[in-house]
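Novice:
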Amino acid sequence: MTDQRVSSFQRVSSLRRRGHPQGRDVSPVALVTLRALLGDERVQPTLRQRDQLLEHLHAIQDAHGHLSMVELRALAAYMNLPMAEVYETATFYAHFDVVHDGQAPPPDTTVRVCDSLACQLAGAAELKTKLEAGVDPETVRVLRAPCMGRCDSAPVVEVGHHHVQFATAEGVEAVVDTGHFQPEAILWQRLEAYQQEGGYQLLTDCRAGSVSVNEVMTTLENAGLRGLGGAGFPTFKKWHAVRQAPGPRYCVINADEGEPGTFKDRYYLEKSPHQFLEGALISAWAVEAQALYIYLRDEYPGLHRVLHEAIKELEQAWLVTAGYIILRRGAGAYICGEESALIESLEGKPGKPRHRPPYVAQQGLFNRPTLVNNVETVYWIAPIWQKGAEWFAGQGRNGRSGLRSFSVSGRVKRPGVHLAPAGITLRELVDEYCGGMAPGHQLAAYLPGGASGGILPASKADIPLDFDTLQAHGCFIGSAAVMVLSQQDNLQAVATNLLAFFADESCGQCTPCRVGTEKMLSLLERDDWEVGQLTRLAQVMQDASICGLGQAAPNPVLGLLKDFRAELAQQQIIVSDAAENSEKGSAL
Ligand SMILES: Cc1cc2nc3c(=O)[nH]c(=O)nc-3n(C[C@H](O)[C@H](O)[C@H](O)COP(=O)(O)O)c2cc1C
Ligand code: SF4
558 MTDQRVSSFQ RVSSLRRRGH PQGRDVSPVA LVTLRALLGD ERVQPTLRQR
608 DQLLEHLHAI QDAHGHLSMV ELRALAAYMN LPMAEVYETA TFYAHFDVVH
658 DGQAPPPDTT VRVCDSLACQ LAGAAELKTK LEAGVDPETV RVLRAPCMGR
708 CDSAPVVEVG HHHVQFATAE GVEAVVDTGH FQPEAILWQR LEAYQQEGGY
758 QLLTDCRAGS VSVNEVMTTL ENAGLRGLGG AGFPTFKKWH AVRQAPGPRY
808 CVINADEGEP GTFKDRYYLE KSPHQFLEGA LISAWAVEAQ ALYIYLRDEY
858 PGLHRVLHEA IKELEQAWLV TAGYIILRRG AGAYICGEES ALIESLEGKP
908 GKPRHRPPYV AQQGLFNRPT LVNNVETVYW IAPIWQKGAE WFAGQGRNGR
958 SGLRSFSVSG RVKRPGVHLA PAGITLRELV DEYCGGMAPG HQLAAYLPGG
1008 ASGGILPASK ADIPLDFDTL QAHGCFIGSA AVMVLSQQDN LQAVATNLLA
1058 FFADESCGQC TPCRVGTEKM LSLLERDDWE VGQLTRLAQV MQDASICGLG
1108 QAAPNPVLGL LKDFRAELAQ QQIIVSDAAE NSEKGSAL
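Everything in the sequence shown is counted per our numbering, starting at 558 for the first residue and increasing by one.
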C-alpha cells in the first residue's frame, strides 16, 4: 500500500467513525465559482439538464486544467445529480483529468503522442521516449494517445489543444517553449461563397414543399448512397425506418471519427462545413427532428470553432432557428463513435453501448426515435441531388457503383483522402492516387478498413474495395481507412498495436471484450502463437461481445493467422497449429 493510499484509507476510516461519510460536503466557494463559470442554474434551469454534464465538465477542465473532487461535488449539487454519477462519467473519458483529494494536479502542459498504427510506423515510440527525456516533468507531462485523425501527417503530437503534424522532438519542444498551443487555423468556405454556388437551395426547396421527402429518398436510393460511418446501411432505408416511428424524433450526426486511420470526415468538414450542414439539416427535415445534434470528437478543436461559426452564420441568415443545431464535444473515447454509445454520451453518461433491440431508430436520444448519420453520408446529399443520382451511381469500378473517400496512410508516397471509384483495388488506389509506394518500400500487406477491418496480404491487392466485397476474405471496408504496410514492417508489432488500442478503448461493459482484448494482447506479445488458443478466444469475442468493438477486435489477428504464416515465420514468430496444446476450459 502506498503512502498516499494509507493516508486516504486512514482519512476515510476516521470520517466513517464520526458517522460522516466522505464525499458529501459541498464547498460554497466552489459552487459560487462554478456559477461564475457555467451560469446560474437557479436562473437558467436548463443548465441542470443531465445532457449538459459533458459540456460542464469540459468547461471546468478547460478553465482549470483538471477536475478536482471539490469541483465534482459542487457540480453534482449544481446539477442535482448523485456525486457517483458525475464521478462515473468524468472518469470514463480520457480527456478529463480527475484529481482526488490530496493528489497533486497534473502539470500545466500535457503533450499527447499518438501511438496508433500510422504514427507507430512513423516512429511515434522513439519520439515519445525523446520527449519524455527532453521535457521538465514538473511542468510538462507526456502521455500516449489513440489516433488523432491526422494519419497522413504522422507522427502527430498534441500540445495542449495544438496538433503538431510530422512531429519531431525539436518541433514539439519549440511549441512547448513558446507556449503557442492554439488550435490550427482552418480556411473554410463561408456561407456567402457556398450560397453563390447554389448552396442551401435544396434545403430551401425541401422546406418550401417544392421537393418532397419521397423525392429525396428516391434519389438517394437510386444513387446507392450507403452509410459511410462503417456499416454501409442504405441511407434512404434508415430515414424510412425513423420516419415510421412516432414523433418526436431527433437527428444526430456522428462526427466522432475515432477509427484509427480514418480522417475523411475531418477533411470534408474543413473543406466545406456548409455542404455538410446542408445535408445534416435536410436529414433532420426528412425525419421532422425536434433538434439536430452534432457530436464532434474532441481531437478536432479547430473544427469545433469552424462549426460554431458556421452555425452562427446560418442562424444570422435565418436559415435555421437559433438553438436548433446543438454542437457537442466528445471527450476522448473511441467507443462513442458507436451510435448507441454516442447517444449515451450525448445524454451525459459514460459511453457504453446499449443492447439492441430496441434500435436507435426506434428508441435513441432521450428514448425517442433517432436518425444517426455519419458526416460524410450527409455531405453527399446536396451534390447528389444537384448532379443527379446517375452521377454518383455511374461511378465505380470492377462491377461496383458509387464513390468512396479513402483515407490512405502508411507506406505510400502520397497519403491523404483520395476520392476514388467504389470497387477500386488496393493496387490501383496506390498506383493511381497515392503516387505508388514510398521509396524503399514494397507492398507487403494492407488494412482495408482501419483497425477493425482486418488485414490482407499483397497477393490480395486486386480485390475490389467496397461494402460486401471483402467479407469472403474475413475483412470489411468500414470507413474506408486504408493503411498500407511494407516488407519493412513487423507484423507482430502491428497486431499488438491494434489489440492494445482495442484493449484501451473497450468500455469494459462485457467480459468477452474487456478480458478478451487484454488476453489476446498478452498472447500476441509472446513469440509463439498458438492457433487453437487464439481462434477460440476470437470466436468468443465475435460471438458474445455486445458491440462491434469487441466483435471486430480479433479481425487483424485472424487475418494474420490465415494469410501470413510465412511472413510471421520470417519474423521469428512460431505459429503452432497443435490444438492439443490449447488450454482446456473457457477461452477467456
Ligand atoms: C466501435 C464502433 C465505432 C464506430 N465509430 C464510428 C465513428 O467514429 N463515426 C461514424 O460515423 N460511425 C461510427 N461507427 C458506426 C456507427 O455506429 C453508425 O453505424 C453510424 O454512425 C451510422 O451512420 P451512417 O449510416 O451514415 O454510416 C462505429 C461503430 C462501432 C461499432
Ligand atoms: S464489446 Fe467492448 S466496447 Fe462493446 S459493449 Fe462490450 S466491452 Fe464495451
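We put the CB at the ideal spot given by N, CA and C, even for glycine.
Everything numeric in this text was worked out from a predicted model, so none of it was measured.
#1: Please go through the same chain and pick out, in chain order, the residues whose beta-carbon is closer than 7 Å to the beta-carbon of Q1128, but skip the five residues on each side of it.
#2: Identify the residues that DSSP records as bridge partners of H719: which are they?
#3: Quick check on this structure: which residue in A679, R607, C1067 has the alpha carbon closest to the alpha carbon of A726?
#4: Determine the DSSP secondary structure at V877, reduced to helix, strand or coil.
#5: Hey, S1043 and A1008: beta-carbon distance below 9 Å or not?
#6: Compute the Euclidean distance between the alpha carbons of G1006 and S964, then round it to the nearest angstrom.
#7: Just to confirm before moving on: does the CB-CB distance between S1036 and C1067 stay below 9 Å?
#8: Give the range of the alpha helix (DSSP H) segment to which T775 is assigned.
#9: Residues bridged to W842 by DSSP?
#10: Specify, as a first and last residue, the run of the alpha helix (DSSP H) that Y807 falls within.
#11: Leaving out five residues on either side along the sequence, give the residues of the same chain with a beta carbon under 7 Å from the beta carbon of K909.
#12: Tell me whether the beta-carbon of N931 lies closer than 9 Å to the beta-carbon of L785.
#13: Out of curiosity, what's the CA-to-CA distance linking G804 and V917?
#14: Taking the continuous beta strand (DSSP E) assigned at P663, which residues delimit it?
#15: What residue range is occupied by the uninterrupted alpha helix (DSSP H) comprising G516?
#16: I'd like the list of long-range same chain contacts for S1133, defined as Cβ closer than 8 Å, with 5 residues on each side in sequence excluded.
#17: Entirely within the region 874-916 and at least 3 residues each: give me those beta strand (DSSP E) ranges in chain order.
#18: Report the residue from V589, G887, Y881, V692 whose alpha carbon sits nearest the alpha carbon of L610.
#19: Tell me, please, whether the region 730-742 touches the region 710-720 by the rule of three or more beta-carbon pairs shorter than 8 Å.
#20: Tell me whether I1208, by its Cβ, gets closer than 8 Å to a heavy atom of ligand 2.
#21: Per DSSP, which residues does I1131 bridge with? Please list them.
#22: By DSSP, does R607 sit in helix, in strand, or in coil?
#23: Between the alpha carbons of D560 and T686, how many angstroms are there, rounded?
#24: Flag V1064 as yes when its Cβ comes closer than 8 Å to any non-hydrogen atom of ligand 2, and as no otherwise.
#25: Which of the three DSSP states is assigned to I851 in this structure?
#26: If you measure from the CB of T1152, is any heavy atom of ligand 1 nearer than 8 Å?
#27: Can you grab the Cα-Cα spacing for the pair V563 / M1077, in whole Å?
#28: Answer with yes or no whether the minimum CB distance from L632 to chain D is below 9 Å.
#29: Measuring only the C-alpha atoms, how far is I1034 from A587?
#30: Under 8 Å by Cβ, that's how I've got W948 and T776 pegged, so tell me the actual separation to the nearest angstrom.
#31: At a cut of 8 Å, does the region 765-774 reach the region 849-859 through at least three beta carbon pairs?
Specialist: The relevant details are as follows:
#1: In the sequence shown, counting from the first residue as 1, residue 1128 sits at position 571. Closer than 7 Å at the Cβ level, and outside the excluded window around Q1128, lie N1047, L1048, Q1049.
#2: On the sequence shown, residue 719 is found 162 positions in, with the first residue counted as 1. Per DSSP, V716.
#3: Within the sequence shown, residue 726 is the residue found at index 169, counting from 1. When only C-alpha atoms are compared, the closest one is A679.
#4: Taking the first residue of the sequence shown as position 1, residue 877 is located at position 320. DSSP, read as helix, strand or coil, puts V877 in coil.
#5: The residue given as residue 1043 occupies position 486 in the sequence shown. The residue given as residue 1008 occupies position 451 in the sequence shown. No.
#6: Reading the sequence shown from its first residue, position 449 is the one you call residue 1006. Reading the sequence shown from its first residue, position 407 is the one you call residue 964. Approximately 9 Å between the Cα atoms of the pair.
#7: Locating residue 1036 in the sequence shown gives position 479, where the first residue counts as 1. Locating residue 1067 in the sequence shown gives position 510, where the first residue counts as 1. The Cβ atoms of S1036 and C1067 do not sit closer than 9 Å to each other.
#8: Sequence index remark: in the sequence shown, residue 775 carries index 218 (1-based). DSSP places T775 in the uninterrupted alpha helix (DSSP H) bounded by 770-780.
#9: In the sequence shown, counting from the first residue as 1, residue 842 sits at position 285. Residue pairing by DSSP leaves W842 without any beta bridge partner.
#10: Sequence index remark: in the sequence shown, residue 807 carries index 250 (1-based). Segment 806-812 is the beta strand (DSSP E) holding Y807; no alpha helix (DSSP H) there.
#11: Within the sequence shown, residue 909 is the residue found at index 352, counting from 1. Once the five neighbours on either side are set aside, the close Cβ partners of K909 are A898, E901, C1064, Q1066.
#12: Taking the sequence shown and counting its residues from 1, the one referred to as residue 931 is at position 374. Taking the sequence shown and counting its residues from 1, the one referred to as residue 785 is at position 228. Their beta carbons are under 9 Å apart, which means N931 touches L785 by this criterion.
#13: Taking the sequence shown and counting its residues from 1, the one referred to as residue 804 is at position 247. Taking the sequence shown and counting its residues from 1, the one referred to as residue 917 is at position 360. Their backbone Cα atoms lie some 13 Å apart in a straight line.
#14: Position 106 of the sequence shown holds residue 663. Careful: P663 lies outside any beta strand (DSSP E) and carries neither H nor E.
#15: The shown model of the chain, from 558 to 1145, leaves out residue 516, and the question about it has no answer.
#16: Sequence index remark: in the sequence shown, residue 1133 carries index 576 (1-based). D1085, W1086, E1087, V1088, listed in sequence order.
#17: Those beta strand (DSSP E) runs which fall completely within the region 874-916 and span 3+ residues are 882-886.
#18: Here residue 610 refers to the residue found at position 53 when the sequence shown is read from its first residue. Comparing Cα-Cα distances from L610 to each of V589, G887, Y881, V692, the minimum goes to G887.
#19: Verdict: yes, contact present.
#20: Limits of the chain in this structure are 558 at one end and 1145 at the other, which puts residue 1208 out of reach.
#21: For the purposes of this step, residue 1131 is taken as residue 574 along the sequence shown, with counting starting at 1. Under DSSP, I1131 shares a beta bridge with D1085.
#22: Here residue 607 refers to the residue found at position 50 of the sequence shown. R607 falls in the helix class under three-state DSSP.
#23: Counted from its first residue, the sequence shown places residue 560 at position 3. Counted from its first residue, the sequence shown places residue 686 at position 129. Residue placement at D560 cannot be trusted, given a pLDDT of 35 that sits under 50; the coordinates are not used to answer.
#24: Sequence index remark: in the sequence shown, residue 1064 carries index 507 (1-based). The sequence as given places Cys at residue 1064; Val does not occur at that position. Checking every heavy atom of ligand 2 against the Cβ of C1064, one is found closer than 8 Å.
#25: Along the sequence shown, read from residue 1 onward, the residue named residue 851 stands at position 294. If DSSP states are grouped into helix, strand and coil, I851 belongs with the strands.
#26: The question about residue 1152 has no answer here: the residues shown for the chain are numbered 558 through 1145.
#27: In the sequence shown, the residue the question calls residue 563 occupies position 6. In the sequence shown, the residue the question calls residue 1077 occupies position 520. Because V563 sits at a pLDDT of 33, beneath the cut-off of 50, its placement in the model cannot be relied upon, and the point is left open.
#28: Absence of chain D from the displayed structure is noted, only one protein chain being present.
#29: Here residue 1034 refers to the residue found at position 477 when the sequence shown is read from its first residue. Here residue 587 refers to the residue found at position 30 when the sequence shown is read from its first residue. Cα to Cα, I1034 sits roughly 49 Å from A587.
#30: Mapped onto the sequence shown, residue 948 falls at position 391. Mapped onto the sequence shown, residue 776 falls at position 219. With 8 Å as the limit, W948 and T776 do not qualify as a contact, their Cβ atoms being about 11 Å apart.
#31: No: the two stretches stay apart, fewer than three of their Cβ pairs being nearer than 8 Å.
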